[in-house]
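A.B. asks: Submitted below is the structure of interest, expressed as structure tokens.
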Amino acid sequence: MKNLLKESSAYYDKNNYYEIFSIREDAEGKVRNYLENISKDKIVLDAGCGTGKFLSVLETKSKEYIGIDLSDKQLERAINKSKKGTSKFICSNLSSINLKDNSVDLIISSWVLGTITDLEERNKCLNELKRVLKEDGIIILIENDTDSEFEEIRNRNKDNRTKDYNKWILLNSFIIDKQIDTYFEFKTLEEAKMCFEVIYGEEIANKIKNKRIKHKITIFKYNK
Numbered sequence: 046m047k048n049l050l051k052e053s054s055a056y057y058d059k060n061n062y063y064e065i066f067s068i069r070e071d072a073e074g075k076v077r078n079y080l081e082n083i084s085k086d087k088i089v090l091d092a093g094c095g096t097g098k099f100l101s102v103l104e105t106k107s108k109e110y111i112g113i114d115l116s117d118k119q120l121e122r123a124i125n126k127s128k129k130g131t132s133k134f135i136c137s138n139l140s141s142i143n144l145k146d147n148s149v150d151l152i153i154s155s156w157v158l159g160t161i162t163d164l165e166e167r168n169k170c171l172n173e174l175k176r177v178l179k180e181d182g183i184i185i186l187i188e189n190d191t192d193s194e195f196e197e198i199r200n201r202n203k204d205n206r207t208k209d210y211n212k213w214i215l216l217n218s219f220i221i222d223k224q225i226d227t228y229f230e231f232k233t234l235e236e237a238k239m240c241f242e243v244i245y246g247e248e249i250a251n252k253i254k255n256k257r258i259k260h261k262i263t264i265f266k267y268n269k
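Set out below in structure tokens:
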């Protein structure tokens, strides 16, 4: 069983950089705008919520917010951001979610399932998301598109990793709901390099030449 988040000490020990990276991503807030329109008055599960990138919009608009993440340190940051006393936070793997069947209206998962490279484990996680989803519920996967400067920097097009993963999503009854052209906007080039070095390594960080990095996002949708 291989899970890149489990194997990345940076995810657990250097969450400050993940927080900065998360804030700088989608500088224009286009994904947030999308989420505002679909989360109103729903019971929302933020699957792999991390430090709470979309917590403020989902918590404000939803009937009930539930965040789940592997990392207790990441989850602690999300809890500290929470403004709603009814919100729930669970430290757990997505392959075993402590929620009842058919209990949530909307599941949001941003850049999570693709970190699970073991296909059996990934399928198990997806089936678990489907289990807790209501009969008329929706799953939204927010993922990287292959056609962007961000993907070139990470070398993901070289081994077709993103392409193969997105193909897997479509084979599992998702459709492409929206594609967004956006960008990372770091405060300085040095900040960009440091974040990328912590998350992806020095070789990747050395490829960055600008504090603004173009990024294309694909939003996939599944209706139960």
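Numbering of the sequence shown is given in the numbering used here, commencing with residue 46 and proceeding in unit increments.
Glycine residues also receive a C-beta, built at the ideal position from the N, C-alpha and C atoms.
#1: Among all the DSSP beta bridges, which residues are the ones paired with A72?
#2: Roughly how many angstroms separate the alpha carbons of K232 and K256, rounded to a whole number?
#3: Have a look at D32 and L171 and give me their C-alpha separation to the nearest angstrom.
#4: Considering only the beta carbon of each residue, do R122 and T105 sit closer than 7 Å?
#5: Tell me whether T227 sits in a helix, a strand or coil according to DSSP, three-state version.
#6: Rounded to the nearest angstrom, what separates L158 and K175 at their Cα positions?
#7: For a quick check, are the C-beta atoms of V149 and L90 less than 7 Å apart?
#8: Taking C-beta to C-beta, are I124 and F134 nearer than 7 Å?
#9: What residue range does the alpha helix (DSSP H) around D209 cover?
#10: Do K238 and I253 come within 7 Å of each other at the CB atom, strictly closer than that value?
#11: Looking at the C-beta of D209, does it have a partner C-beta in chain D at a distance below 7 Å?
#12: Can you tell me which of the three DSSP states V177 falls into?
#13: Tell me whether N172 sits in a helix, a strand or coil according to DSSP, three-state version.
#14: May I ask you to list the residues that DSSP assigns as paired with R257?
#15: Contact between the segment 214-232 and the segment 64-72: three or more CB pairs below 8 Å?
#16: I'd like to check one pair, D114 with G93: are the Cβ atoms closer than 7 Å?
#17: How long is the line joining the alpha carbons of V177 and I184, rounded to whole angstroms?
#18: With burial defined as no fewer than 16 other Cβ atoms inside 10 Å of the residue's Cβ, what is the status of I220: buried or exposed?
#19: What does the alpha-carbon distance come out to for the pair D146 and I111?
#20: In the DSSP assignment, the beta strand (DSSP E) including K133 goes from what residue to what residue?
#21: Under the rule that 16 or more other beta-carbon atoms within 10 Å means buried, what is N60, buried or exposed?
#22: Rounded to whole angstroms, what is the Cα-Cα separation between E166 and S140?
#23: Determine the contact status of K179 and D222, defining contact as a CB-CB distance below 7 Å.
#24: Report the three-state DSSP secondary structure of F265 (helix, strand or coil).
C.D. replies: Working from what's here:
#1: Answer is none; A72 lacks a bridge partner.
#2: 7 Å
#3: The requested residue 32 is not part of the displayed model; the chain covers only 46 to 269.
#4: no
#5: T227: strand per DSSP, three-state reduction.
#6: Near 13 Å, if we compare the C-alpha coordinates of K175 and L158.
#7: yes
#8: yes
#9: Start and end: 206-216.
#10: yes
#11: Any reference to chain D falls outside this structure, which holds one protein chain only.
#12: helix
#13: Three-state DSSP puts N172 in a helix.
#14: E230
#15: yes
#16: Result yes, Cβ atoms of G93 and D114 sit closer than 7 Å.
#17: 11 Å
#18: exposed
#19: Take the alpha-carbon of D146 and the one of I111: they are about 15 Å apart.
#20: 133-136
#21: buried
#22: 7 Å
#23: no
#24: strand
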